[in-house]
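Quick note: to get the working numbering, add 1 to the position in the sequence shown (first position is 1). All C-beta atoms in this analysis are idealised placements derived from N, C-alpha and C, irrespective of residue type, glycine included. Here is the structure we will look at, set down as structure tokens.
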Amino acid sequence: MRNPLEQLAMSQLANMQQSLREAAEEADRELRNTKLEAASGGGAVRVTANGLGEVIAVKLDPNVITSEADQVALLEDLIADAVRHVIELAAERAAEVRRQRLKASGPFAMLEQMGIDLSAFGT
């Protein structure tokens, strides 16, 4: 038979785990609905992604579309550059949202309520 303190600790741990799971799910929902855009070539190529880094759309300025081989290679480079940039934006946004959600729940919230400064840990 477990002692009451052990049972309380297990219950608190289960609650903390559930709280963290819910915070992560909420962060994912927010990120899925977040739209980020990156451009390259002075706006000739625009790529839109959600906060999870999933590319949603690629828009090309019709003036950059030609059949010349050197222009096609340039366009390919511009698309790749815009995709890389929007994925970086998504990763930054995802880290920020997840950090905020986790800070507001679970052990981080409990430690802050106890007066422990978590700023040294990037929260």
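Remark: C-beta atoms of A92 and G54 approach each other more closely than 8 Å. Minimum Cα-Cα distance from N51 among the listed residues E69, L103 and V98 corresponds to V98. With a cutoff of 8 Å on beta-carbon distance, A40 and A81 are scored as not near each other.
For L90, the CB contacts under 7 Å within the same chain, skipping 5 residues up- and downstream, are L37 and A39 in chain order.
Rounded to the nearest whole angstrom, the C-alpha separation of Q13 and E26 is 20 Å.
For I80, the enclosing alpha helix (DSSP H) stretches over residues A70 to K104. Between V59 and V73 a beta carbon distance of about 15 Å is seen, past the 8 Å cut, so the two are scored as non-contacting. Pairing R94 with A24 gives a Cβ-Cβ distance that is not under 8 Å.
With distances taken between CA atoms, A105 lies nearest to M17 out of E7, M17 and P63.
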